[in-house]
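Q:
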Amino acid sequence: MTDSPKDKLTTRVKKIAGQVAGIERMLDEKRYCVDILNQIAAVRSALDSLGVELLTRHLENCVLGQGSDKQHDSAKPMSQQQLLDEVKTALSRFLK
Numbered sequence: 167m168t169d170s171p172k173d174k175l176t177t178r179v180k181k182i183a184g185q186v187a188g189i190e191r192m193l194d195e196k197r198y199c200v201d202i203l204n205q206i207a208a209v210r211s212a213l214d215s216l217g218v219e220l221l222t223r224h225l226e227n228c229v230l231g232q233g234s235d236k237q238h239d240s241a242k243p244m245s246q247q248q249l250l251d252e253v254k255t256a257l258s259r260f261l262k
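Under our numbering, the first residue of the sequence shown is numbered 167, with each subsequent residue one higher.
(1) Who are the Cβ neighbours of SER179 in its own chain at under 8 Å, not counting the five residues just before and after it?
(2) Measure the beta-carbon distance from LYS202 to LEU193 and round it to whole angstroms, keeping in mind my assumption that it falls under 8 Å.
(3) Take ALA256 and list the residues in its own chain whose beta-carbon comes closer than 8 Å to its own, dropping the five residues that flank it on each side.
(4) What's the call for CYS199, buried or exposed, on a 16-neighbour Cβ count within 10 Å?
(5) Alpha carbon to alpha carbon, what distance is there between GLU195 and ASN227?
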């Protein structure tokens, strides 16, 4: 049995939460600063990867899939300009 796309995202979020909890434990244990910084870098990378996956799915299902059977259930009907503006806003927030 394969996991649904939502289940895969949820699993990734739980792993990231575990990594963040690990950083807290490392701080409590007064671990070496560079080790903690390495773990922070790993969390950033995992979050970036998750963000790219979500952005890709948004483009596939909410932008390109608008009006088709691939459209996300929660997607709002928008004009092409509104969709473009939404993508620009999402990208600018994600890339900060």
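Using N, Cα and C, we set each Cβ at its ideal position, and we do this for glycine too.
A: So, from the data block:
(1) Here residue 179 is Val; the residue named in the question, Ser, does not match the sequence. Same-chain partners within the cutoff: LEU216.
(2) The residue you asked about is not Lys; residue 202 is Ile in the sequence shown. Right, their Cβ atoms sit about 7 Å apart.
(3) LEU221 and HIS224
(4) exposed
(5) 44 Å
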